[in-house]
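Visitor:
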Amino acid sequence: MGIRSTLGLAGILASVLSGPVPARAREEAADLEFFEARIRPVLVEHCYRCHSDEAEADGRLKGGLKLDSREGLRIGGDSGPAVVPGEVDESVLIEALRYEFLMMPPEGKLPDPVIADFEEWVARGAPDPREGATAPSPRAGIDLEAGREHWAYQPPREWPAPEVSDADWPITEIDRFILHRLEAEGLRPVPDADRVTLIRRLSFDLTGLPPTPEEIDAFVRDESPTAYEDLVDRLLCSPHFGERWGRHWLDVARFAESLTLRGFVLKEAWRYRDFVIDAFNEDMPFDQFLREQIAGDLMPGGSLEDRRRRRIATAFLVLGNTNLEEQDKEQLRMDVVDEQIEVIGKAILGQTISCARCHDHKFDPIPTADYYALAGILRNAKAMNHANVSKWIEVPLPMDPAREAAVAEHEKAVAALEARVKEARARAGGAKGVLAVAEAPGIVVDDEQAARVGDWTRSTSSGTYIGSGYLHDGNTAKGAKSLTFQPEIPEAGVYDVWLAYAPGSSRAANVPVTILSAEGESTLEVDLRPTPPIEGRYVALGRFRFEANGQGYVQLSNEGTRGHVTADAVLFLPEGKGDRPEVVGDRTGDDVEALEEELKRLRESGPKRDLAISVVEEETIEDARIHIRGSVHLLGEEVPRGFLRVATVGEPPTMPEGESGRRELADWLASEENPLTARVFVNRVWHWLFGSGIVRTVDNLGTTGASPTHPELLDTIAVRFVEQGWSVKRLVRELVRSRTYRLSSAEDPASRAIDPENLLRWRMDRRRLDAECIRDAMLVASGRLRRDLGGPTFPPELDADYGYDRESDRRSVYEPVFRNALPDLFEAFDFADPSMVVGRRDESTVAPQALFLMNHPFVMDRARETARLLLVEKADDEEDRIDRASRLVLGRPASDAERRIALEFLGESPEDLESSWALLVQAMFASIDFRYIE
Amino acid sequence: MLDAIRRRDLLKHTACGFGYLALAGLAAERAAAEAPPDPLWPRSPHFPAKAKRVIFLFMQGGVSQVDSFDYKPRLFRDDGKDMPFDDARVIANTGARGSEQRVMRPLWEFSRHGECGHWGSSLFPELNRHMDELCFIHSLHTEGVAHGPATLFLHCGATSAVRPSLGAWIQYGLGTENRDLPGFVTIGPSAGNGGARNYGNAFLPAVYQGTPLGKAGAPASEATIRNLSNPRLSEADQRRQLDLLLALNAEQSGPSSDPELDAVISSFELAWRMQMNAPDALDLSGESAETLALYGIGEEPTDNFGRQCLLARRLSERGVRFIQVTYGDSTANPAWDQHSNMPKHADHARRVDRPIAGLLADLRRRGLLEDTLIWWGSEFGRTPYAQQKGTGRDHNPDGFTVWLAGAGVKPGFSFGATDEFGHKAEQDKVHMHDLHATILHLLGLDHERLTYRHSGRDFRLTDVHGRVVEGILA
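Residue numbers (the UniProt record's numbering), protein chains in the order written: chain W, 1 to 934; chain F, 1 to 474.
#1: In chain order, what are the residue ranges of uninterrupted alpha helix (DSSP H) at least 4 long that sit wholly in the region 107-149 of chain F?
#2: Let me know if F/Met104 comes out buried or exposed under the rule of 16 or more other beta-carbons within 10 Å of its beta-carbon.
#3: Contact criterion: CB-CB distance below 8 Å. Does W/Cys47 meet it with respect to chain F?
#4: Against W/Thr484, what residues of chain F qualify as contacts under a CB-to-CB distance less than 7 Å, listed in chain order?
#5: In this structure, how does DSSP classify W/His150 when only helix, strand and coil are distinguished?
#6: Just confirm the distance between the C-beta atoms of F/Gln241 and W/Ala863, as a whole number of angstroms; I'd bet it's less than 8 Å.
#7: Which residues in the same chain as F/Pro149 place their Cβ atom closer than 8 Å to its Cβ, once the five residues preceding and following it in sequence are excluded?
#8: Looking only at its chain, what residues have a beta carbon closer than 8 Å to the beta carbon of F/Ala417, apart from the 5 residues adjacent to it on each side?
#9: Return the residues of the region 88-112 of chain W that lie within a Cβ-Cβ distance of less than 8 Å from chain F, sorted by chain order.
#10: How close, in whole Å, do the beta carbons of W/Ala569 and W/Asp473 come, if the pair is a contact with beta carbons under 8 Å?
#11: Compare the C-alpha of W/Ala424 against each of W/Ile928, W/Ile174 and W/Glu597 and name the closest.
#12: Using DSSP with H/G/I as helix, E/B as strand and the rest coil, what is W/Thr566?
#13: Please report whether the beta-carbon of F/Phe459 lies at a distance below 8 Å from any beta-carbon of chain W.
#14: Out of W/Glu36, W/Asp912 and W/Thr484, which has the shortest C-alpha to C-alpha gap to W/Gln449?
#15: Are any of the Cβ atoms in chain W nearer than 8 Å to that of F/Phe18?
#16: Report the residues of the region 463-488 of chain W with a CB closer than 7 Å to any CB of chain F, ordered along the chain.
#17: State the CB to CB distance for the pair F/Asp398 and F/His423, rounded to an integer number of angstroms; the pair is presumed to be in contact (CB under 8 Å).
#18: At least one CB of chain F closer than 8 Å to the CB of W/Val921: is that the case?
#19: Do we get a CB-CB distance below 8 Å when we pair W/Asp328 with the residues of chain F?
#20: Counting only Cβ pairs nearer than 9 Å, list the residues of chain F close to W/Ser844.
#21: For W/Ile443, which residues does DSSP report across the bridge?
#22: Which residues does DSSP pair with W/Trp498 in a beta bridge?
#23: Under a three-way DSSP split, which group does F/Ala250 fall into?
#24: Which residue marks the beginning of the beta strand (DSSP E) containing F/Ala413, and which one marks its end?
#25: Tell me the residue span of the beta strand (DSSP E) that contains W/Asn855.
#26: Please state the DSSP three-state secondary structure of W/Asn388.
#27: Along the chain, which unbroken stretches of the beta strand (DSSP E) at least 3 residues long are found entirely within the region 399-454 of chain F?
#28: Would you tell me roughly how many angstroms separate the C-alpha atoms of F/Asp458 and W/Ala847, rounded to the nearest one?
#29: Beta carbons nearer than 9 Å to chain F: which residues of the region 261-272 of chain W have them?
#30: Determine the direct distance from the alpha carbon of W/Lys478 to that of F/Ala357, and round the result to whole angstroms.
#31: In whole angstroms, give me the CA-to-CA distance for F/Thr331 and F/Gly188.
#32: At a CB-CB cut-off below 8 Å, which residues of chain W make contact with F/Pro231?
#33: Excluding the 5 residues flanking W/Phe280 on each side, which residues of the same chain have their C-beta closer than 7 Å to its C-beta?
#34: What is the rounded straight-line gap between the Cα of F/Glu29 and the Cα of W/Val780?
#35: If you follow the alpha helix (DSSP H) that F/Gln275 is part of, which residue opens it and which one closes it?
#36: Can you tell me the Cα-Cα spacing of W/Glu723 and W/Ser895, whole angstroms?
Here it is as structure tokens:
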């Protein structure tokens, strides 16, 4: 840089000094001198670090902008040209220096005289001699045709099963693909697993539950030639299949039942969980399964059940761990869209599309335009109702006519009773429903003008209020919420201060209300249960002196309160002026209270409308504009809605004018022509059965992902999967029928030496039991497991997940997935992070797992219960009982050595029999053969 | 038999640790051949480190910079005047700049302290005595106007996207020095505003997540590590059971030396060592009366936070890398969040002032301040004007103060400045990304090289931002 600038200066000096100079040239020389003296040094010192060739070479270039050449400035970066010569106010560089936009340099605004220099320089036409510098490397753009060369964007095709030397070994075609590669590398598959191993493996893989000792015996003794296939079919038909395989999809769908933020509980999320479980149990075609999750609400026709199910399925789009508190709501809207693109991209397409939010994808042929083509579709689907704290959307589900009628009747009854309550209230207190702010006496500070701290909800359900409603604290976050009503007092004097509130039996009885007046601060407690004595609206707080426009206020807090705190308005009535409503005295009619109680009971008892988490179409359907560097405030050109071009075969469809485009998106995703969808899913299924995928990076089939170890096999399975109607059960059956699946986990040093990672599948990898299997298997051994299916699994009144205490003997898939309160066992044993797409769970081996197994009451309780069961069973002797324990816990008889070790332990035990056995069973729960599937 | 296992264990440990950093990212994307090497084994930093560990004193909710350490005389002069300000919340909600706000003077008087003569208010009298130890950054700015986003940004460098926390990155980069204790401990974490995500590992391997010690709102005297002790069994019974388990495992793993099974076996030995040793780290009963008094333990209102700080010292002595101490709670308006009642700041200050001063003094006299970096701060600061012309201050992410102390930073120093109201960082601005880069730098880690391959690209704590604040380095 130094050399170049010296040369530049020398050049100018040369031109200045050589001979007579015409005026124009003199002007130019002066311009350049100005540049050299005032502009270049500033650029060098403050800008080049991030905006120069050198920065680009170091990978530090920011915003695609280079300021070390004239061309760089004129062409500009992501925000367009940095300078428009002569146009000071249109030059982004000047805006940035003025800190009006982008705020550069980031370490602090430059002194005003320096900014003035830049303004002058631009006004002069931004003269810049720096020709020698290289222009910014032209934006390469993405070559989609070249991009299509990547294997995963090519349409999959069916390959003939290859020839193998050992023709007797393969059972299915899959085996021929596998054996072919093994033979080519000079490897031999290890021996098959024995039946005891196989039934444990199959049971966990297909249902997530261990086989019972009786089932093991029956399978081992079964002499039928189709014993294995029969077992597979039995397990595929079990309702527990859907629980196991549904849970796999829930990992991918980042399913959760609460948000991290404030522990908000997603009360209706269980419906989506059950939809997923049912879909796997009923073997819903996978393409339909996808379509319903993306656009189920838009699909026409169908039975009532269909319509309900499709609506529920769209919760898929809304389950992200959204930060509802984001204050910039356009930002929040795009954050939601981005999360949806991330999830759809990874879960369905195995693509990291989100990388293209800010710039063209660095590795995959996904231009930013494609990102915003997708974003345009999803942006048209409203996922949140925005407020200070935004809220996800719940919609009523269609119901059958009988229930619809029952609900309608109930709603009618509620409405009638509400009217009676209102009437009674009016009788008791004289209140007459809604009163406009202007109609209320005195100086009115409505709740809308109150300064709120904490989360207050507006309501109108009492029917009696001033203005547009009243606020209540939701009976939560006690001590963290307050409302401050600050009047504009025009004239100093004494005022009567009245509080309007919405009464009721569920209200707080001791609300601290602080009045700051010219006399100082005073606090009193107000009981919000009775109907207010004045007009049925107001309670008098007292008489206070206020200065004109002083600091006075009335503040309600919910500190130390039990029950809802409500507030409608505060009135300041100048002493002795104006018409005042009559104080009617305490006329808390019992009938009001009783009626309110009845109303509450009626509301709770009657049939309710079913709700589901979903999206709704936006009123305005529009295309999205490119967000430069991902910023919602820096919009570029509009992009027509569409899909990833690299994975689109033929002409892209035209998008409907009056609909988001989700139906078209769903069709494209679930199309048999989409080269990614079927591949991604069959690879996942392979991963779930074999412990690793044919492509090991199951969520990433892009160029940065791993290559398939058996590309022809993957393609062939994918094509057949589609041909066979996207049937997941058939796919699973096909994979587990293979001999490859039935191999043992035996060691073979020769094979290990050649293929240590078992990429070629010369054996079955030993796999660990995941968190759910560990828990469920302990519940099974102790005889406690409840096997009922589906339904909500936490109390409906729960409003935050913090510290949720669970006590359930149901299967783990029904444990509420609370993002702030996962079960200890889940956390310890690598349960899928419910905020991310998890195609492959972490596999950690850490001390906290050991501490859990050694010390957690859940494990000790299950161990003791199992011991109790064992001790009441008939057994020939201790050895027999040890064997029985082993079959129950480990799914196999004890080895001689284990029997010896256990006997020795029991013999030395000073405790009572049950305690000794409990210790033994707990050790078995912690042992390798319980925690691993051979 | 146990000896054989231990030998194998030992061999395994000495054979790994090299090149792990490079491998870890790959290991996640492409399954490694063998069980990966022990991911917590200590690793060398990128360059020699000034600090071996960090204690982060998190003042949850937003301490007011203008009431504590960022002295602005103009606020006293213009108290009560209505003036236009670029309020972050108003801008986020409506895009409008220059909304009218009422200037509000600090509620505490300021004076100069120490040889450095830095201004400090009477809010933190004990800390003022340590002024010559502290290195202030007055020009911090960050992302997020609400607690949730800003708290996540503070811990994870992102307001919304799920990203690993700073402590997790540090463990990933450096491993742990003490295998009997977790390497990243968070004392009294809040369940609110991101909760566990603030000490989570996100896409990093799970071993790097923080271990909570107690929780906000529960007494620190009861804080412990989950499942650290057995509620029912005697030590003798447990030892017998452990020997039984080790024997079963040895039998089941057979003669082969599958590294993964070895790891399972050794995890029980490690768990046992933790169970034997960690309680000692958490047991304050051996501390002298003088030390307890130094932290304000046994007195109100300092007892609880004093215990948290003393625990932090005990953990730092034992080689824990990243220790966070939270003064906060799990509500939506945590601790320092004085929207309407500014004087309440004093209650909070009284609870933390002496314990923090005690921690500084204790670390200093034990020589631990030499290689421990202390970081004190909030997710954002507060406005120099009253919220809605009332009696409190709103959130201010545009300019606020944190201080560092100890290893590698200039003592008795201040860096950067806000405008004359203490509202926006103006001179030598330091973004939260920059602070993260600087903390990693002090630990010997280059924030641009500490990357993890996930989802097809290399992620960093500082995303594509961050610059080391050279000006504060000693």
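We put the CB at the ideal spot given by N, CA and C, even for glycine.
Guide: Let me spell this out:
#1: 125-128
#2: When all chains shown are included, F/Met104 counts as buried.
#3: no
#4: Ser340 and Gly390
#5: coil
#6: Separation of the CB atoms of F/Gln241 and W/Ala863 is rounded to 10 Å, and the pair is thereby denied contact status at 8 Å.
#7: Glu143, Thr159 and Ser160
#8: Hits under 8 Å: His138, Ser139, Ala425, Glu426, Gln427 and Asp428.
#9: Pro106, Glu107, Gly108 and Lys109
#10: W/Ala569 to W/Asp473, Cβ: 16 Å. No contact.
#11: Looking at the Cα atoms, W/Glu597 is the closest of the given residues.
#12: strand
#13: no
#14: It is W/Thr484.
#15: Confidence at F/Phe18 is low in this model, with a pLDDT of 28, below 50, so the placement of that residue is unreliable and no value is reported for it.
#16: Listed in sequence order: Ala477, Ala480, Ser482, Thr484 and Gln486.
#17: 7 Å
#18: Taking Cβ atoms only, chain F never reaches closer than 8 Å to W/Val921, which makes this a no.
#19: yes
#20: What W/Ser844 touches in chain F: Pro39, Pro205, Ala206 and Val207.
#21: W/Phe572
#22: W/Ala540 and W/Leu571
#23: helix
#24: With the sequence shown as reference, residue 413 of chain F is identified as Phe, and Ala is not the correct amino acid for it. Segment Phe413 to Phe415, the beta strand (DSSP E) holding F/Phe413.
#25: Per DSSP, W/Asn855 belongs to no beta strand (DSSP E); it is in the alpha helix (DSSP H), Ala847 to Asn855.
#26: coil
#27: Listed in chain order, the complete beta strand (DSSP E) runs (minimum 3 residues) inside the region 399-454 of chain F are 400-406, 413-415, 425-427 and 452-454.
#28: 29 Å
#29: Going along the region 261-272 of chain W in chain order, one finds Leu261, Arg262 and Gly263 with a Cβ nearer than 9 Å to chain F.
#30: Approximately 32 Å, taken between the alpha carbons.
#31: Going by C-alpha positions, F/Thr331 is about 14 Å away from F/Gly188.
#32: Asn855 and Pro857
#33: Phe241, Gly242, Trp245, Gly246 and Val728
#34: With a pLDDT of 35 at F/Glu29, under the threshold of 50, the modelled position of this residue cannot be trusted, and the question is left open.
#35: Start and end: Pro259 to Leu282.
#36: 47 Å
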